[in-house]
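Residue numbers (this note's numbering): 580 to 712.
Cβ coordinates follow ideal geometry from the N, Cα and C atoms, glycine included.
Please read these numbers as outputs of a predicted model, since none were measured by experiment.
Heads up, the thing below is written out as structure tokens.
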């Protein structure tokens, strides 16, 4: 069994995933638009370039997402994407990259449980927890 976060964006999924690919050193393995899907005829033309499904592989981990229609989009609350790394320098690099144009909730720092831990909300409204035990 594998559990994967599935994020919803307000029309920014493609931009967000290209940003995550760069920040995390991952690889986008799927980026399906509504316009290229079998549902294209039932989709308003202004949504044809929005993302129906995206998949980003980072090592053995997978992050998935889509653009939610305006009437179904809700700001992300009550959850965070937790990212764990073995190297403090890598945790600091990722934290700095993801916090670009975002909001730092807790600066990355040593804690009693980790060599580094920090929390942020990225420029797309997604909460992250970066941890290095």
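- The stretch 669–676 makes contact with the stretch 588–608, as at least three CB pairs between them are under 8 Å.
- The alpha-carbon separation between residue 588 and residue 655 amounts to approximately 9 Å.
- DSSP places residue 673 within a helical segment (H, G or I) once states are collapsed to three.
- The beta carbon of residue 637 is closer than 6 Å to those of 603, 605 in its chain, skipping five residues each way along the sequence.
- Rounded to the nearest angstrom, the Cβ distance from residue 583 to residue 641 is 5 Å, consistent with a contact under 8 Å.
- At a Cβ-Cβ threshold of 8 Å, residue 610 and residue 598 do not count as neighbours.
- Going by DSSP, residue 633 is part of the beta strand (DSSP E) stretching over 630–637.
- When the beta-carbon positions are compared, residue 684 and residue 662 stay at least 8 Å from each other.
- Residue 667 and residue 711 have their C-alpha atoms roughly 6 Å apart.
- Here DSSP, grouped into helix, strand and coil, assigns residue 682 to strand.
- Nearest to residue 626 by C-alpha distance, out of 657, 591, 634, is 591.
- In the three-state DSSP reduction, residue 647 falls in the coil class, being neither helix nor strand.
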